[in-house]
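Number of protein chains: 2
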Amino acid sequence: MPHPLDSAYLPHLAYDSVVFGFSGEKLKILILEYHNTGWFALPGGFVGVAEDLDAAVKRGLKERTGLDNIHLEQFHTFGSVQRHRPEVMRTILKESDFAVEKAPWLLERFVSVGYYSLIDYHRVTPRPDALSDSLKWYHVEELPPLLFDHREMVEKALNALRRNLDTMLVGTNMLPERFTIKQLQQVTEAILGDKLHRTSFQRRMLATGLLRRHDKLYTGGSHKAPYLYSFVNKSAGE
Amino acid sequence: MPHPLDSAYLPHLAYDSVVFGFSGEKLKILILEYHNTGWFALPGGFVGVAEDLDAAVKRGLKERTGLDNIHLEQFHTFGSVQRHRPEVMRTILKESDFAVEKAPWLLERFVSVGYYSLIDYHRVTPRPDALSDSLKWYHVEELPPLLFDHREMVEKALNALRRNLDTMLVGTNMLPERFTIKQLQQVTEAILGDKLHRTSFQRRMLATGLLRRHDKLYTGGSHKAPYLYSFVNKSAGE
DNA sequence: CACTATTGTCGCACTATGCTACAATAGTAA
DNA sequence: TTACTATTGTAGCATAGTGCGACAATAGTG
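Set out below in structure tokens:
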């Protein structure tokens, strides 16, 4: 496996990923902080000269989250020249004691492909890379200022995610294998940033035919126990 | 303006565009044919080292269609290593009497950003570029075999276009300033590849509030004359 | 001046959805 | 054991949207 900063990568091309998770009834994303700068950004990376773009993104996520088989979706490619900020990049490298001369291509202009992914928050312990102090979850509505156009990336990723809510039961990708309808509703509400009506939501979800009800019951609350459900993808269901 | 094949471009990065038009009740796209090869492909191009990605695509479309202010939408970025076919590229250049040695970067791997655009067929006379014999309209359902992954690009562009039908009155971008509801329905049907019910479509279009009815009537058929409409964008309407 | 083809609109049936009502029930506290 | 509470599952009703058919209006044709 190539070292993340050697020259076996395509110049001028990068990817950035918006990793969504759900915890404490909030939608969260992974943000990294560069060494000694107080600068925050989305986790990203580069594409090997003989590597599929999708594979590069998966590799990066695997390194940072330990997860394989992540739900990935490409949402936009960012190609404005205003993205180019060589001073910023120079400082980041310097503060990580990385010799710029060894990889001058890092100071050049990059076009970046934006991906979002949905993961189960509770199955992940994020690991910062060589350039960053930390890789942590942030509530989508309480993000720190982000470098470059990463703020816009988050907005676009969120919009794409919302658009895809109809197509797929998005929430199931951020929940454990088995979940209650209430959990699914909470995820959906966190994504939409809006409240939904309980009974309508329940009826709509059941009408999709994409949920398999299990006889087992959830335990905990002092009230009627809800059913647990799991996601049934269409091909398997027919 | 840089010559299309000199080295003022970002290496490894290209764009391809799926240009939709509507004529003879069919949805059509622009396809070029390379010199002396019988090979067909989507019109594409490269991005200047100090040029916005969007601007590069606009420039390419302007050169080929003469149109400015085209409705453009980015739909996907293609980054598979299997796209790389240096022999094909070498043949294309050779058949156009272009010396490969002058631009070896053209034989390298490219990641390509896919855009689609919607234009008024009747306002365009397509112009082939230096490498191609022709640039012509083809019915979407009767395309010749295309090079590389361009067939997949067309499919993905069409899917994106269909998804966006709800959001925007897509059809209006492929029709003249003033049009009848019937024309709008025909464009929509061509995009969806399916028939719609006349009265439901009419009711739905009028209910959007995005169409301004003009008193003038269309002339020609031996029957009641339909109203003409023009598109009213939301901001102007409120 | 009838005839034809198309247009604009209305009405009806069916479906989806917002919202309310209500029975069922797992724990809690007397 | 027995109320009591909070939540869950489902049904009912009003409203909005859509598929589909009916019908009057009308621009040209023979």
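Residue numbers (full-length UniProt numbering), protein chains in the order written: chain A, 1 to 238; chain B, 1 to 238.
Backbone N, C-alpha and C fix where the C-beta goes; we use that ideal spot for every residue, glycine too.
Closest Cβ-Cβ distance between A:H71 and chain B: below 8 Å?
no
Hey, does A:E51 have any beta-carbon neighbour from chain B nearer than 8 Å?
yes
What span of residues does the beta strand (DSSP E) with B:K28 cover, start to end?
26 to 34
How big is the Cα-Cα spacing for B:M153 and B:P145?
Rounded to the nearest angstrom, the gap between the Cα atoms of B:M153 and B:P145 is 13 Å.
So what's B:K224 in DSSP terms, helix, strand or just coil?
coil
Which one or two residues does DSSP pair with B:R213 in a beta bridge?
B:Y229
To the nearest angstrom, how far is the alpha carbon of A:K26 from that of A:A190?
Answer to the nearest angstrom: the Cα atoms are 6 Å apart.
Indicate whether B:W137 and B:L30 have their beta-carbon atoms separated by less than 8 Å.
yes
Looking at the C-beta of A:P226, does it have a partner C-beta in chain B at a distance below 8 Å?
The Cβ of A:P226 sits no closer than 8 Å to any Cβ of chain B.
Quick check on B:P145: does DSSP put it in helix, strand or coil?
coil
On the CB-based measure, 16 or more other CB atoms within 10 Å of its CB, does A:S222 come out buried or exposed?
Exposed, by the Cβ-count rule.
Any residues in the stretch 99 to 133 of chain A with a beta carbon nearer than 8 Å to a beta carbon of chain B? Which ones, in chain order?
Those would be R109, V111, V113, in chain order.
By a C-beta neighbour count over all protein chains shown, 10 Å radius and 16 as the cutoff for buried, is B:V217 buried or exposed?
Sequence check: residue 217 of chain B is Leu here, not Val. The residue in question, B:L217, is exposed, as its Cβ has fewer than 16 Cβ neighbours within 10 Å.
Distance check for B:T172 and B:K234, CA to CA, integer angstroms please.
Residue confidence is low: B:K234 scores 48 on pLDDT, short of 50, so the model does not pin down where it sits. Its coordinate-derived value is still stated next. Cα to Cα, the separation comes out at about 14 Å.
Excluding five sequence neighbours on each side, which residues of the same chain lie with their C-beta closer than 6 Å to the C-beta of A:D133?
Result list for A:D133: E33, H35, in chain order.
In chain order, what residues of the same chain have a beta carbon less than 6 Å from the beta carbon of A:Y121, not counting five sequence neighbours either side?
G21, F22, S23
Against chain B, which members of the stretch 203 to 219 of chain A pass a CB distance test of less than 7 Å?
none
Between the C-alpha atoms of A:K102 and A:R123, what's the straight-line distance to the nearest angstrom?
Rounded to the nearest angstrom, the two C-alpha atoms are 37 Å apart.
Tell me, please, which residues DSSP counts as bridged to A:S112.
A:A14, A:F78
So A:L175 is in the alpha helix (DSSP H); what residue range does that whole segment cover?
Here A:L175 belongs to no alpha helix (DSSP H), and DSSP marks it neither H nor E.
Is it buried or exposed, B:K28, if we count other Cβ atoms within 10 angstroms and call 16 or more buried?
buried
Using a Cβ-Cβ distance cut-off of 8 Å, determine whether A:S80 contacts chain B.
yes
Check whether the stretch 99 to 117 of chain B and the stretch 9 to 16 of chain B touch, using three or more Cβ-Cβ pairs below 8 Å as the test.
yes
Less than 8 Å between the beta carbons of A:L118 and A:R127, yes or no?
no
Does the Cβ-Cβ distance between B:V100 and B:R90 come in under 8 Å?
yes
So A:G60 is in the alpha helix (DSSP H); what residue range does that whole segment cover?
53 to 65
Would you tell me roughly how many angstroms separate the C-alpha atoms of B:R212 and B:Q74, rounded to the nearest one?
29 Å
With a floor of 3 residues, list each beta strand (DSSP E) that falls wholly inside the stretch 87 to 137 of chain B, ordered by position along the chain.
111 to 118
Run the CB neighbour count on B:T188, radius 10 Å, all protein chains shown included, and call it buried at 16 or more, exposed below.
buried
Just how far apart, CA to CA, sit B:V81 and A:A50?
6 Å
Could you confirm whether any beta carbon from chain A is found closer than 8 Å to the beta carbon of B:H12?
yes
Enumerate in chain order the residues of its own chain whose CB-to-CB distance from residue 243 of chain A is below 6 Å, with the five nearest sequence positions on each side excluded.
The structure shown does not extend to residue 243 of chain A, since chain A spans only 1 to 238, so no value can be given for it.
Confirm, please, whether the CB-CB distance from A:R163 to A:H214 is below 8 Å.
The Cβ atoms of A:H214 and A:R163 lie no closer than 8 Å to each other.
Helix or strand or just coil, what does DSSP make of B:L42?
Of the three classes helix, strand and coil, the one that applies to B:L42 here is coil, per DSSP.
Going along chain B, which residues have a C-beta under 8 Å from A:T77?
L53, Q74, T77, V113
For A:L196 versus A:L169, is the C-beta distance shorter than 8 Å?
no
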